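Asks: I'd like to ask some things about the structure below.
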Amino acid sequence: RAKGQLQEMGLTPVDWGGDIECMEVSALKGIGIDNLLETMSLQAEVLELKANPRAPARATIIESSMQEGKGPVATVIVKQGSLKVGLPFICGPHWGKVKAILNDRGESIKSVGPGMPAELVGFSDMPHVGDEVVVMDNERAVKKLSEERQEELRRKKLQVPRRSTLESLF
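Each step along the sequence shown adds one to the number in the working numbering, with nothing skipped, and position 69 is 96.
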């Protein structure tokens, strides 16, 4: 059934002559986990997936929430570079400075590298899922860019939608 649904979305499984790997996996029963990890490793080698840990850090937000005592917190996956405590960043119209990084076990860590998930503390406001966290050189540049983005959002909200008239159609 799942393969049929993938096919409907234009993703053809390998068993059906396509290029999308599909396998049965159950974390509850412990079925197929080793096979999944092996296939992921093989795909990463074949596709030559690599990230530079020394590049400017970029991460994607996969979850965000407001936590008491921490403020806005987001779970991110680092795409490139390394996120470190103390670095200023921009995320959509919001800015921040990395106050704390927590790993998947809730332990505080100093930095997180490419491909790793982490919980990030230090946002000025609640970020949106799917936004990208981009580390910048200094806090002044981050705040200036954030103000510009927020001003652009305000302008879009205040802009009155133009009504269509017969003259404007011609």
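Backbone N, C-alpha and C fix where the C-beta goes; we use that ideal spot for every residue, glycine too.
All figures in this text were calculated on a predicted structure; none of them were measured in a lab.
Consult DSSP for SER135 and reduce its assignment to one of helix, strand or coil.
Replies: Looking up residue 135 in the sequence shown gives position 108. Three-state result, SER135: strand.
Asks: To the nearest angstrom, how far is it from the Cα of THR66 to the Cα of ILE128?
Replies: Counting from 1 along the sequence shown, the entry for residue 66 is found at position 39. Counting from 1 along the sequence shown, the entry for residue 128 is found at position 101. So the two alpha carbons sit approximately 30 Å from each other.
Asks: Can you tell me which of PHE116, ALA29, LYS184, PRO141 puts its alpha carbon nearest to the alpha carbon of VAL52?
Replies: As a working mapping, residue 52 is identified with position 25 in the sequence shown. Cα-wise, what sits closest to VAL52 is ALA29.
Asks: Are the stretch 95-104 and the stretch 64-84 touching by the rule of at least three beta carbon pairs closer than 8 Å?
Replies: No, because fewer than three Cβ pairs between the stretch 95-104 and the stretch 64-84 fall closer than 8 Å, the two stretches do not touch.
Asks: Closest to VAL103 by C-alpha separation, out of GLU146, PRO188, GLY37, would be which residue?
Replies: The residue you call residue 103 lines up with position 76 of the sequence shown. Ranking the options by Cα distance to VAL103, first place goes to GLU146.
Asks: If contacts are defined as beta-carbon pairs under 8 Å, then SER173 and ILE117 qualify, I think. What distance do you get, rounded to the angstrom?
Replies: Walking along the sequence shown from the start, residue 173 turns up at place 146. Walking along the sequence shown from the start, residue 117 turns up at place 90. So it is a contact: roughly 6 Å between Cβ atoms.
Asks: Is the CB-CB distance between PRO144 and ASN79 below 9 Å?
Replies: Stepping through the sequence shown from its first residue, residue 144 is reached at position 117. Stepping through the sequence shown from its first residue, residue 79 is reached at position 52. For PRO144 and ASN79, no; Cβs fall outside 9 Å.
Asks: Straight-line CA distance for THR87 to HIS121?
Replies: Position 60 of the sequence shown, counted from the first residue, corresponds to residue 87. Position 94 of the sequence shown, counted from the first residue, corresponds to residue 121. Going by the C-alpha atoms only, they are around 14 Å apart.
Asks: Apply the 10 Å Cβ neighbour rule to ALA84 and answer buried if 16 or more other Cβ atoms are within range, or exposed otherwise.
Replies: Counted from its first residue, the sequence shown places residue 84 at position 57. ALA84 should be labelled buried.
Asks: Taking the runs of the beta strand (DSSP E) that are 3 residues or longer, which of them lie wholly in the stretch 142-176?
Replies: Runs of the beta strand (DSSP E) inside the stretch 142-176: 144-150, 159-162.
Asks: Starting from the Cα of GLU166, find the closest Cα among ARG181, ILE58, VAL156, PHE150 and give me that residue.
Replies: Translated into the one-based positions of the sequence shown, residue 166 becomes position 139. When only C-alpha atoms are compared, the closest one is PHE150.
Asks: Please work out which residues of its chain come closer than 8 Å, Cβ to Cβ, to THR39, disregarding the five sequence neighbours upstream and downstream, and give them in chain order.
Replies: Looking up residue 39 in the sequence shown gives position 12. Taken in chain order, the residues that qualify are LEU33, GLY45, ASP46, ILE47.
Asks: Return the first residue and the last residue of the alpha helix (DSSP H) that LEU69 is part of.
Replies: On the sequence shown, position 42 is the one that residue 69 refers to. Taken as a continuous stretch (DSSP letters only), the alpha helix (DSSP H) holding LEU69 covers 60-73.
Asks: Flag this pair as yes or no: are the beta carbons of MET163 and PRO115 separated by less than 9 Å?
Replies: The residue given as residue 163 occupies position 136 in the sequence shown. The residue given as residue 115 occupies position 88 in the sequence shown. Yes, the Cβ-Cβ distance between MET163 and PRO115 is below 9 Å.
Asks: Buried or exposed: which applies to SER109, given that a residue is buried once 16 or more other Cβ atoms fall within 10 Å of its Cβ?
Replies: In the sequence shown, the residue the question calls residue 109 occupies position 82. SER109 is buried by the Cβ-count criterion.
Asks: Could you give the DSSP three-state label for VAL187: helix, strand or coil?
Replies: Counting from one through the sequence shown, the residue named residue 187 turns up at place 160. Correct three-state label for VAL187: coil.
Asks: Return the chain-ordered list of same chain residues with a C-beta closer than 7 Å to the C-beta of SER92, the five sequence neighbours on each side being excluded.
Replies: On the sequence shown, residue 92 is found 65 positions in, with the first residue counted as 1. Excluding positions up to five away in sequence, the list reads VAL100.
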